[in-house]
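A.B. asks: Quick note on our numbering: the sequence shown kicks off at 1 and runs consecutively.
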Amino acid sequence: MLKMGHTVVGESVFFSIVIPTYNRKPILEKCLLALEKQSVQGYEVVLVDDGSTDGTLEWLEEKFREFPHVRVFNQNHNGPAVARNLGVEQALGDTIIFIDSDLVVTENFLQAHTDALRQGQKTLGSDRFFTYGAVINTCNFDNPTSEPYKLTDFSAAFFATGNVAIPKHWLEKAGLFDISFQLYGWEDLELGVRLKKLGLQLIKCPAAVGYHWHPPFNLEQIPRLIDREIQRGRMGVLFYQKHPTWEVKMMIQMTLLHRLLWGILSLNGILNERTMAPFLRWLINLGKPQLALEVARIFLNWYNVQGVYAAYEERGVSRFS
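1) So the alpha helix (DSSP H) Leu86 belongs to, where does it begin and stop?
2) May I ask you to report which of helix, strand or coil DSSP gives Gly263?
3) Per DSSP, which residues does Ala34 bridge with? Please list them.
4) Quick check: the Cα distance between Ala83 and Ser180, rounded to an integer number of angstroms?
5) Name the DSSP bridge partner or partners of Val48?
6) Only counting the same chain, and skipping five residues up and downstream in sequence, which positions put a Cβ closer than 8 Å to that of Val237?
7) Opposite Ile97 in the DSSP bridges: which residues?
8) Please name the residue in Leu202, Glu187, Gly263 whose C-alpha comes closest to that of Phe239.
9) Going by C-alpha distance, which of Glu247, Arg194, Lys122, Gly51 is nearest Gln76?
10) Quick one: residues in its chain with C-beta nearer than 8 Å to the C-beta of Glu172, no 5 flanking neighbours on either side, listed in chain order?
11) How would you call Phe129, buried or exposed, if buried means at least 16 neighbouring beta carbons within 10 angstroms?
12) Over the uninterrupted alpha helix (DSSP H) stretch that includes Pro278, give me the two end residues.
13) How do the stretch 109-121 and the stretch 59-77 stand: do at least 3 beta-carbon pairs fall below 8 Å, yes or no?
14) Does the separation of the CB atoms of Ala174 and Leu195 fall below 8 Å?
15) What separation, rounded to the nearest whole angstrom, lies between the Cα atoms of Pro223 and Asp54?
16) Count Cβ pairs between the stretch 97-108 and the stretch 21-29 that sit closer than 8 Å; are there 3 or more?
17) Using C-beta distances below 7 Å, list every residue in its chain close to Trp262, excluding the 5 sequence neighbours before and after it, in chain order.
18) Helix, strand or coil for Lys173, going by three-state DSSP, please let me know.
19) Using DSSP's beta-bridge definition, name the partner residues of Arg138.
20) Can you tell me the Cα-Cα spacing of Trp246 and Phe158, whole angstroms?
21) Between the Cα of Asn140 and the Cα atoms of Asn85, Lys30, Ser155, Leu151, which residue gives the shortest distance?
22) Give me the Cβ distance between Ala112 and Gly93, rounded to the nearest whole Å; I'm assuming they're in contact under 8 Å.
23) How is Lys196 classed by DSSP in three states: helix, strand or coil?
24) Quick one: Cα of Asp227 to Cα of Leu86, how far?
25) Tell me whether Thr275 is buried or exposed, calling it buried when 16 or more other Cβ atoms sit within 10 Å of its Cβ.
26) Can you tell me where the beta strand (DSSP E) holding Leu103 begins and where it ends?
27) What's the gap between the Cα of Leu286 and the Cα of Leu293?
28) Does the beta-carbon of Ile270 have 16 or more other beta-carbons within 10 angstroms, so that it is buried, or is it exposed?
29) On a CA-only basis, which of Pro80, Leu110, Pro68 is nearest Val40? Give me that one, please.
30) Rounded to a whole number of angstroms, what is the C-alpha to C-alpha distance between Ile298 and Val135?
31) Taking Gln221 as part of the alpha helix (DSSP H), name the residues at either end of that continuous run.
32) By how many angstroms is the C-alpha of Leu256 removed from the C-alpha of Ser16?
Structure follows, in structure tokens:
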């Protein structure tokens with residue numbers, strides 16, 4: 001066995017898989033069932049219900065015998081940052097894995113992270129790193145793990161909570177998630193900046209695959225998606241206030257380049273949810289909802305950039321370069 005600071009990587013490694021959930025009962029069942037089929041021993045699932053109103057807690061009480069690895073905690077609806085912090089605080093393991101409650105993993109998921117942690121220890125000679133698995137997006141509810149990898153599944157994020165394994169003591173040293181990120185977006189990447197300052201490195205772990213399910217795109221989702229992009233813009237400015245660097249500016253699209261780019265692509269907002277609705281509906285009717293969503297990002301990103309600038313005006317952040 002290889003000792004990684006407070007963590008032992010080997011046959012006896014003990015994972016705490018921390019999952020926040022909010023009104024995701026149908027896909028949550030698939031998520032938890034997949035975690036019960038892991039090929040390794042020595043893990044727990046720390047599920048934090050964030051004030052669900054869809055009967056999630058009652059369902060878990062009825063089905064608890066099907067999920068022997070699951071420990072359930074609940075809180076008022078305070079968002080994923082608070083929920084993940086609670087999960088880490090309650091975790092018994094020395095290694096934390098973050099996934100979302102709409103992620104369905106393969107049977108070798110934990111083994112793949114174990115192997116990558118072991119290899120990382122050999123390569124670096126310390127536990128100052130984390131492993132980052134693959135996330136494949138799918139709208140196939142019946143068989144989510146049948147989805148192939150797509151170019152749009154690539155992520156350049158340094159640290160994201162979709163599929164990551166990290167020694168618990170580094171999370172505690174970094175200060176866990178900042179709960180001032182109360183709207184959608186950036187709380188995990190902001191923690192990543194603090195982890196990078198501590199000297200942690202990213203080790204990719206493509207064999208640890210998770211399939212991120214979301215319902216097929218339709219026009220009824222557009223108002224919610226627009227609101228989410230505006231929230232993401234607002235939280236992006238908070239991110240920049242904490243870490244005023246060029247790297248963060250690029251991440252949150254807080255540059256004149258991004259404003260010009262999405263302004264040009266959207267024809268300064270002329271291509272929007274109303275004018276593009278017929279074309280998006282046509283793509284959806286052709287059975288191409290994912291392509292329709294990618295096209296919709298033309299105006300969704302424009303709303304995001306507008307949200308950044310609106311938050312900038314409110315908060316008085318230093319002028320963009």
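C-beta atoms are modelled at their ideal positions from N, C-alpha and C, and glycine is treated no differently. All of these numbers come straight from a predicted model, not from anything done at the bench.
C.D. replies: Straight from the coordinates:
1) For Leu86, the enclosing alpha helix (DSSP H) has its first and last residue at 80-90.
2) Residue state, collapsed to three classes: helix.
3) In the DSSP output, where bridge partners are listed per residue, Ala34 has none listed.
4) Roughly 13 Å separates the two Cα atoms.
5) Val48 is bridged to Pro20, Phe73.
6) Excluding sequence neighbours, Val237 sits near Ile252, Met254, Val308, Ala311, Tyr312, Arg315, Val317.
7) As a beta-bridge residue in DSSP terms, Ile97 pairs with Ile17, Ala165.
8) The shortest C-alpha separation from Phe239 is found at Glu187.
9) The question names Gln, but residue 76 is Asn in the sequence shown. Ranking the options by Cα distance to Asn76, first place goes to Gly51.
10) The answer, listed in chain order, is Val88.
11) Phe129 is buried by the Cβ-count criterion.
12) Run containing Pro278: 277-285, per the alpha helix (DSSP H) assignment.
13) No contact exists between the stretch 109-121 and the stretch 59-77.
14) In contact: Ala174 and Leu195 (Cβ atoms closer than 8 Å).
15) In a straight line, the C-alpha of Pro223 is about 22 Å away from that of Asp54.
16) Contact holds: three or more Cβ-Cβ distances are below 8 Å.
17) Contacts found: Asn301, Trp302, Val305.
18) Residue state, collapsed to three classes: helix.
19) In the sequence as presented, Arg is not what sits at residue 138; that position holds Thr. Answer is Trp213.
20) Straight across, the Cα-Cα distance linking Trp246 with Phe158 is about 15 Å.
21) In terms of Cα proximity to Asn140, the closest of Asn85, Lys30, Ser155, Leu151 is Lys30.
22) About 17 Å separates the beta carbon of Ala112 from that of Gly93, a gap too long to meet the 8 Å contact definition.
23) Shown here, Lys196 sits in a helix according to DSSP, grouped into three states.
24) Each residue's alpha carbon lies about 27 Å from the other.
25) A residue is called buried once 16 or more other Cβ atoms fall within 10 Å of its Cβ, and Thr275, having fewer, is exposed.
26) 103-105 is the span of the beta strand (DSSP E), which, as asked, contains Leu103.
27) Rounded to the nearest angstrom, the two C-alpha atoms are 13 Å apart.
28) Under a 10 Å Cβ-count criterion, Ile270 is classified as exposed, with fewer than 16 other Cβ atoms of the shown protein chains found around its own Cβ.
29) Considering only Pro80, Leu110, Pro68, the residue with the shortest C-alpha distance to Val40 is Leu110.
30) Between Ile298 and Val135, the C-alpha separation is close to 23 Å.
31) Where Gln221 is concerned, there is no enclosing alpha helix (DSSP H), given that its DSSP letter is neither H nor E.
32) Leu256 has its alpha-carbon roughly 42 Å from the corresponding atom of Ser16.
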